[in-house]
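Chemist: I'd like to ask some things about the structure below.
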Amino acid sequence: MELSTPRRDLRVAAVQYAVTEDTEANLATGLRMVEEAVAQGAEVVVLPEFCNHVSWYDDRAHAHRMAVTLEGPFVAALRAKAAEHGIHLMANCTVLRERADGPRVTGTNILIGPDGEILAVTDKQVLMGSERDHLDPADAASPVVETAFGRVGLYSCMDGVINETPRMLGVQGAQLLLNSLNSFALDEASLHVPVRAVENRVWVVAANKVGPLVPERSIDAVAERVGVPKDRLHGAGEAQIVAPDGTVVAIGPLTGEAVVIADIDLSLADDKTRPDGTDVMASRRPELYAAIAARPTGRVAGPGAAEITAAVVCPAEDEPTDLAASVRDAAAQGVALIVLPEASPVSVEDLRAAVAGTEAVVVSSLVEDGMHVGLVVGADGVLLRQPQLHVSARHAEEVTELGDGLEVLSLPWGRLAVVVGDDALYPETFRLAALADTDVVAVPFTTLTGQDLDPLLLERAAENRLNLAVASRATAAGAGMLVPLSPDFTLWAPDRGPFTGVISRPEPMLAGPGVTAAVLRPAQATNRMVTKGTDLVDGRPWALAGALTAPRDSGRSNSSR
Numbered sequence: 110m111e112l113s114t115p116r117r118d119l120r121v122a123a124v125q126y127a128v129t130e131d132t133e134a135n136l137a138t139g140l141r142m143v144e145e146a147v148a149q150g151a152e153v154v155v156l157p158e159f160c161n162h163v164s165w166y167d168d169r170a171h172a173h174r175m176a177v178t179l180e181g182p183f184v185a186a187l188r189a190k191a192a193e194h195g196i197h198l199m200a201n202c203t204v205l206r207e208r209a210d211g212p213r214v215t216g217t218n219i220l221i222g223p224d225g226e227i228l229a230v231t232d233k234q235v236l237m238g239s240e241r242d243h244l245d246p247a248d249a250a251s252p253v254v255e256t257a258f259g260r261v262g263l264y265s266c267m268d269g270v271i272n273e274t275p276r277m278l279g280v281q282g283a284q285l286l287l288n289s290l291n292s293f294a295l296d297e298a299s300l301h302v303p304v305r306a307v308e309n310r311v312w313v314v315a316a317n318k319v320g321p322l323v324p325e326r327s328i329d330a331v332a333e334r335v336g337v338p339k340d341r342l343h344g345a346g347e348a349q350i351v352a353p354d355g356t357v358v359a360i361g362p363l364t365g366e367a368v369v370i371a372d373i374d375l376s377l378a379d380d381k382t383r384p385d386g387t388d389v390m391a392s393r394r395p396e397l398y399a400a401i402a403a404r405p406t407g408r409v410a411g412p413g414a415a416e417i418t419a420a421v422v423c424p425a426e427d428e429p430t431d432l433a434a435s436v437r438d439a440a441a442q443g444v445a446l447i448v449l450p451e452a453s454p455v456s457v458e459d460l461r462a463a464v465a466g467t468e469a470v471v472v473s474s475l476v477e478d479g480m481h482v483g484l485v486v487g488a489d490g491v492l493l494r495q496p497q498l499h500v501s502a503r504h505a506e507e508v509t510e511l512g513d514g515l516e517v518l519s520l521p522w523g524r525l526a527v528v529v530g531d532d533a534l535y536p537e538t539f540r541l542a543a544l545a546d547t548d549v550v551a552v553p554f555t556t557l558t559g560q561d562l563d564p565l566l567l568e569r570a571a572e573n574r575l576n577l578a579v580a581s582r583a584t585a586a587g588a589g590m591l592v593p594l595s596p597d598f599t600l601w602a603p604d605r606g607p608f609t610g611v612i613s614r615p616e617p618m619l620a621g622p623g624v625t626a627a628v629l630r631p632a633q634a635t636n637r638m639v640t641k642g643t644d645l646v647d648g649r650p651w652a653l654a655g656a657l658t659a660p661r662d663s664g665r666s667n668s669s670r
């Protein structure tokens, strides 16, 4: 079918409400919330994850019994409601499919068009914790769906806690990502939802639950079992709509039903350029990302030191700074790792002299022989040269050659990688670092936007379990930061402290002008288990990730069922 010119102005809605074990009541609630959204002019409505039944089951057989079918009355009622109002509706349900190899129950996003027809069905790719006991993961990649108003991608909850699923949709040309959530984590709204918009330069509409996520009959036992207080096993709300620059344009409350509405301009998702002109999609290097789509092998390297002190030097733009003196002072105070902004005007010899007589290493970068190269310098000289991997508009005239891979340096306290300049804008770069068993990443950088540090680089630490040390000249958008990994990680861990509502968001130390130091924890990079059975790195949907390694001109995928 030939589509007319896509619309650019669109009113979208993300709704939040509670779901129980009563499937009929849940359907009635969902239909009522759709009516409320339509009454406010919504043309696209997103319902929360597992809208047919609360997500906790007694066993796999129970999940099978309570799942809906695509041909059954639950989905039929949603289709009729979409057709009644001529809207696009996304609902996520547990769906039963009978197949030759046996029945499968999946967490499934169903996109329904304004004529009531199902436009796309996509299954959840990354299962979280107990979901793995009851559900089956996707066995096919999610397509980008061509609609009358633009290109749409669908994903759900844990799919967005790591980057691969939304990234696949972004690189295939999606303008709008619809995300259904079933989350009690406060860091969904503060980090994992908005970062998927800004890293892909797309709109995100995310609907979450409120109310208990576990049946009332078993919530006390579950709370004791998993070590999460009963009142924390409730959906965290904050359904939201996020613009391509990472701005949250509308957000719901933490509790209570809500319809979150915004008018969006889809054409904003067609602009992939940074303030300096760098196109963050055109500059990707798929040929370098093969490891992301390879079968996981697990971490091989042992843990690094429990703690080190690291420092970032962030000169004020309008004040001269003696960088060598700053390095010398930090090294003399026992700082193990010192990071300078990209292209800092200080020679290798001056850096070597600044750390002479200490165990410190300093990281900077320079442009030499047509390459932008990150340097790790110790008392004995240069220990690592890491060329920049992606094109940057800032260095277009000087840099004519790029690197062909990411190197990792083994130091007495752990494994160090250097992400040079704009390489930090690509989630793939940090995934490669994690797959190479990196403990700490040094980032000589230039901060250009208010979202560069948080959520963009903060998510790189969170989703890969990497300590970060980011240094930039202080700009109006910020300077650098240090991100130590928490030792209190992994839900259901017997020795973790009281759960505060945050699952994987680290606590960064933002740096202002001058020298900022903090304790990093290299050994914590070995623990990637966010919850039972869910590894943030090896749990990526590697077998479905061909879109990340495909040549950039391989075209977009189309809608499928």
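Position in the sequence shown (from 1) plus 109 gives the number in the numbering used here. All C-beta atoms, glycine included, are put in the ideal place defined by N, C-alpha and C. Just so you know, these numbers come straight off a predicted model, no measurement behind them.
Measure from the alpha carbon of Ile271 to the alpha carbon of each residue in Gly216, Gly514, Ala543, then state which is nearest.
Modeler: Translated into positions along the sequence shown, residue 271 becomes position 162. With distances taken between Cα atoms, Ile271 lies closest to Ala543.
Chemist: Check whether the region 398-413 touches the region 328-346, counting contact only when three or more Cβ pairs, one atom from each stretch, lie closer than 8 angstroms.
Modeler: The answer is no - the region 328-346 does not touch the region 398-413, with fewer than three Cβ pairs under 8 angstroms.
Chemist: For the putative contact between Arg310 and Ala257, defined by C-beta atoms under 8 angstroms, what is the C-beta separation to the nearest angstrom?
Modeler: Walking along the sequence shown from the start, residue 310 turns up at place 201. Walking along the sequence shown from the start, residue 257 turns up at place 148. The pair is not a contact, with the Cβ atoms about 22 angstroms apart (cut-off 8 angstroms).
Chemist: Using 8 angstroms as the Cβ pair cut-off and three pairs as the minimum, do the region 405-414 and the region 521-538 touch?
Modeler: Cβ pair count under 8 angstroms is three or more, so yes.
Chemist: Using the DSSP secondary-structure output, state which residues sit across from Met175 in a beta bridge.
Modeler: As a first step, residue 175 must be located in the sequence shown, where it is residue number 66. Met175 pairs with nothing; no bridge assigned.
Chemist: Entirely within the region 569-642 and at least 3 residues each: give me those beta strand (DSSP E) ranges in chain order.
Modeler: Listed in chain order, the complete beta strand (DSSP E) runs (minimum 3 residues) inside the region 569-642 are 576-580, 590-592, 623-629, 638-640.
Chemist: Could you pull out every unbroken alpha helix (DSSP H) segment of at least 4 residues lying fully inside the region 227-299, listed in chain order?
Modeler: Segments of the alpha helix (DSSP H) lying fully in the region 227-299: 240-243, 273-280.
Chemist: Can you tell me whether Gln125 is buried or exposed, with buried defined as 16 or more other CB within 10 angstroms of its CB?
Modeler: Translated into the one-based positions of the sequence shown, residue 125 becomes position 16. Answer is buried; the Cβ neighbour count reaches 16.
Chemist: Going by CA-CA distance only, name the one from Leu619, Asp647, Gly336 that's closest to Ala578.
Modeler: Taking the first residue of the sequence shown as 1, we reach residue 578 at position 469. When only C-alpha atoms are compared, the closest one is Leu619.
Chemist: Going by Cα to Cα distance, which pick from Ala249, Gly216, Val254, Leu295 is closest to Ser265?
Modeler: In the sequence shown, residue 265 corresponds to position 156, counting from 1. Checked all of Ala249, Gly216, Val254, Leu295; the closest Cα to Ser265 is Gly216.
Chemist: CB-CB under 8 angstroms to Ala526, same chain, minus the five flanking residues each way: which ones, in chain order?
Modeler: In the sequence shown, residue 526 corresponds to position 417, counting from 1. Same-chain partners within the cutoff: Gln495, Leu515, Glu516, Val517, Leu518, Ala542, Ala545, Thr547, Val549, Val550, Ala551.
Chemist: What number of angstroms, rounded off, separates the C-alpha of Glu477 from the C-alpha of Pro362?
Modeler: Along the sequence shown, one-based indexing puts residue 477 at 368. Along the sequence shown, one-based indexing puts residue 362 at 253. Near 52 angstroms, if we compare the C-alpha coordinates of Pro362 and Glu477.
Chemist: So what does Thr217 bridge to, in DSSP terms?
Modeler: Residue numbering aside, residue 217 sits at position 108 when the sequence shown is read from its first letter. BP columns for Thr217 point to Cys202, Asp232.
Chemist: Rank Leu492, Gly483, Gly479, Glu255 by C-alpha distance to the C-alpha of Ala505 and give the top, closest one.
Modeler: The count along the sequence shown starts at 1 and reaches residue 505 at position 396. Measuring from the Cα of Ala505, the nearest candidate turns out to be Gly479.
Chemist: I want to know whether the region 639-650 touches the region 575-594 - three or more CB-CB distances under 8 angstroms.
Modeler: Not touching, per the Cβ criterion.
Chemist: Give the straight-line distance between the Cα atoms of Arg334 and Ala391, rounded to the nearest whole angstrom.
Modeler: The residue you call residue 334 lines up with position 225 of the sequence shown. The residue you call residue 391 lines up with position 282 of the sequence shown. Cα-Cα distance, rounded: 47 angstroms.
Chemist: What did DSSP end up calling Asp379 once you bin it into helix, strand or coil?
Modeler: Indexing the sequence shown from 1 puts residue 379 at position 270. Asp379 falls in the helix class under three-state DSSP.
Chemist: Within 8 angstroms, do at least three Cβ pairs link the region 158-175 to the region 297-310?
Modeler: The region 297-310 is not in contact with the region 158-175.
Chemist: Where do the ends of the alpha helix (DSSP H) carrying Ala551 lie?
Modeler: Against the sequence shown, residue 551 aligns to sequence position 442. Unbroken run through Ala551 is the beta strand (DSSP E), 549-553; no alpha helix (DSSP H).
Chemist: Could you tell me the distance, in whole angstroms, from the CA atom of Ala465 to the CA atom of Lys233?
Modeler: On the sequence shown, position 356 is the one that residue 465 refers to. On the sequence shown, position 124 is the one that residue 233 refers to. Each residue's alpha carbon lies about 53 angstroms from the other.
Chemist: CA-CA distance, Ala383 and Asp561?
Modeler: Residue numbering aside, residue 383 sits at position 274 when the sequence shown is read from its first letter. Residue numbering aside, residue 561 sits at position 452 when the sequence shown is read from its first letter. Note on identity: in this sequence residue 383 is Arg, with Ala being the wrong assignment. In a straight line, the C-alpha of Arg383 is about 11 angstroms away from that of Asp561.
Chemist: Nearest CA to the CA of Ala632: which residue from Arg461, Leu594, Pro607, Ser613?
Modeler: Reading the sequence shown from its first residue, position 523 is the one you call residue 632. Cα-wise, what sits closest to Ala632 is Leu594.
Chemist: Identify, in the order they occur along the chain, each residue of the same chain with its Cβ nearer than 6 angstroms to the Cβ of Ile417, setting aside the five sequence neighbours on each side.
Modeler: The sequence position of residue 417 within the sequence shown is 308, counting from 1. Within the same chain, Ile417 has close Cβ partners Ala445, Trp522, Leu629.
Chemist: May I ask which residues mark the beginning and end of the beta strand (DSSP E) holding His504?
Modeler: Numbered from 1 along the sequence shown, position 395 holds the residue referred to as residue 504. Counting along the chain, His504 falls outside any beta strand (DSSP E), and DSSP gives it neither H nor E.
Chemist: May I have the straight-line CA-CA distance separating Asp118 from Leu375, to the nearest angstrom?
Modeler: Counting from 1 along the sequence shown, the entry for residue 118 is found at position 9. Counting from 1 along the sequence shown, the entry for residue 375 is found at position 266. Answer to the nearest angstrom: the Cα atoms are 7 angstroms apart.
Chemist: Quick one: using the 10 Å Cβ neighbour count with 16 as the cut-off for buried, is Pro409 buried or exposed?
Modeler: Here residue 409 refers to the residue found at position 300 when the sequence shown is read from its first residue. For the record, residue 409 in the displayed sequence is Val; it is not Pro. Val409 comes out exposed.
Chemist: If you measure between the beta carbons of Val163 and Val154, is that distance less than 7 angstroms?
Modeler: Taking the first residue of the sequence shown as position 1, residue 163 is located at position 54. Taking the first residue of the sequence shown as position 1, residue 154 is located at position 45. No. Outside cutoff.
Chemist: Helix, strand or coil for Gly514, going by three-state DSSP, please let me know.
Modeler: Counted from its first residue, the sequence shown places residue 514 at position 405. Looking at Gly514 - three-state DSSP - the assignment turns out to be coil, as it is neither helix nor strand.
Chemist: How many angstroms separate the CA atom of Val261 from the CA atom of Gln349?
Modeler: One-based indexing of the sequence shown puts residue 261 at position 152. One-based indexing of the sequence shown puts residue 349 at position 240. Roughly 17 angstroms separates the two Cα atoms.
Chemist: Mind reading off the beta-carbon distance from Asp268 to Val235? Whole number of angstroms is fine, and I expect it under 8 angstroms.
Modeler: Numbered from 1 along the sequence shown, position 159 holds the residue referred to as residue 268. Numbered from 1 along the sequence shown, position 126 holds the residue referred to as residue 235. Rounded, the Cβ-Cβ distance is 5 angstroms, consistent with contact.
Chemist: Do Val482 and Val448 have their beta-carbon atoms positioned less than 7 angstroms apart in this structure?
Modeler: Start at 1 with the first residue of the sequence shown, and residue 448 comes out as number 339. Start at 1 with the first residue of the sequence shown, and residue 482 comes out as number 373. No, the pair does not count as a contact, with Cβ atoms beyond the cut-off.
Chemist: For the region 131-140 against the region 340-357, do three or more pairs of beta-carbon atoms, one drawn from each stretch, fall closer than 8 angstroms, so that the two count as touching?
Modeler: Because the criterion of three Cβ pairs below 8 angstroms is not met, the region 131-140 and the region 340-357 do not touch.
Chemist: Does the pairing of the region 242-254 with the region 274-282 give three or more beta-carbon distances under 8 angstroms?
Modeler: Judged by Cβ distances under 8 angstroms, the region 242-254 makes contact with the region 274-282, as three or more pairs qualify.
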